[in-house]
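If you read the sequence shown in this note's numbering, its first letter stands for residue 4, the second for the next number, and so on.
Only one structure is covered here, and it is reproduced in the block below.
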Amino acid sequence: MIQVIPATDVTLRTLKQSFNLKPAPSQQFFAEWTEAIDARADALSDMEQRLLDRVQTNFLDLLDDPPVLENSVKMVVLAPLLDLAGFYRRPYRMTTETSVEIALEDDNQVIRGRIDVLGVNQHIWLAVIESKRSDFAATRALAQTLSYMLANPDPERSTFGLITNGSEFMFLKAQRQPTSQYATSKLFSLFNPNNELYPVLAILKYLGNVGF
4 MIQVIPATDV TLRTLKQSFN LKPAPSQQFF AEWTEAIDAR ADALSDMEQR LLDRVQTNFL
64 DLLDDPPVLE NSVKMVVLAP LLDLAGFYRR PYRMTTETSV EIALEDDNQV IRGRIDVLGV
124 NQHIWLAVIE SKRSDFAATR ALAQTLSYML ANPDPERSTF GLITNGSEFM FLKAQRQPTS
184 QYATSKLFSL FNPNNELYPV LAILKYLGNV GF
């Protein structure tokens with residue numbers, strides 16, 4: 004029986020205690036993200052690259068004039084990525100989950116945000132950190148995203164995740180059987196040289212095909 008833990012209470016320690024979850028000992032456990040980059044190194048069309056360049060420019064321009072618009076990550080960054088990955092079309096089906104409120108204290112000021120979670124065929128979980136400031140790192144949603152991934156009704160099937168705060172992107176893989184383990188990709192950032200939305204889209208497309 005799957006143990007249900009309120010998303011607001013989830014920490015990595017909670018998942019380790021409840022699911023005996025551990026980091027995967029081998030990089031081969033999550034080889035899909037590197038395979039995706041190798042397989043699609045030159046596979047993005049000119050149109051896709053132009054659109055991703057525009058997405059990067061649009062979001063970085065928003066950060067120049069805070070506060071950031073409400074739902075800006077989903078509207079400006081995630082929506083075009085999901086469109087280019089084909090997730091709005093069959094055989095994919097998008098679902099939404101209850102948002103999780105988050106907060107941190109910075110110089111005696113409380114900064115509030117939330118984590119919105121979207122599911123794709125219960126196979127890929129997308130965690131979006133929304134805040135009027137860009138203070139929340141992508142890793143802030145790690146435990147919450149893993150909790151959705153571990154609730155997969157098919158314990159023998161691996162699930163994947165993507166966490167983004169708009170400027171950072173991190174992919175995850177988790178499984179419950181034969182042992183509960185997880186792994187992460189490198190952290191992609193729009194502030195790095197070149198446009199790292201290119202490999203992000205390549206990985207999304209690759210993971211979308213893994214379940215079919």
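Backbone N, C-alpha and C fix where the C-beta goes; we use that ideal spot for every residue, glycine too.
As the structure is a prediction and not an experimental result, all values here were calculated from the model.
Legend entry - Touch test, the stretch 65-76 against the stretch 88-97, Cβ-Cβ under 8 Å, three pairs minimum: Taking 8 Å as the limit for Cβ pairs, the verdict is that the stretch 88-97 does not touch the stretch 65-76.
Legend entry - Exposed unless 16 or more other CB atoms sit within 10 angstroms - verdict on S29: With a 10 Å radius around the Cβ and a threshold of 16 neighbouring Cβ atoms, S29 comes out exposed.
Legend entry - Element boundaries [beta strand (DSSP E), containing V131]: 127-134
Inset, instruction - To the nearest angstrom, report how far apart L63 and I166 are at their CA atoms. - result: Taken atom to atom, the span from the alpha-carbon of L63 to that of I166 is near 18 Å.
Legend entry - Assigned secondary structure, E26 (DSSP; H/G/I helix, E/B strand, else coil): The question names Glu, but residue 26 in the sequence shown is Pro. In the structure shown, P26 sits in a strand (DSSP, three-state: E or B).
Inset, instruction - Could you pull out every residue in the same chain whose Cβ sits closer than 8 Å to the Cβ of G122, ignoring the five residues on either side in sequence? - result: M97, T98, T99, E100, W128, L129, Y151
Inset, instruction - Can you tell me which of the three DSSP states D68 falls into? - result: coil
Inset, instruction - Between the Cα of A177 and those of L24, E171, T17, Y201, spot the shortest distance and give me the residue it belongs to. - result: L24
Legend entry - Bounding residues of the beta strand (DSSP E) (the contiguous stretch that carries L165): 162-167
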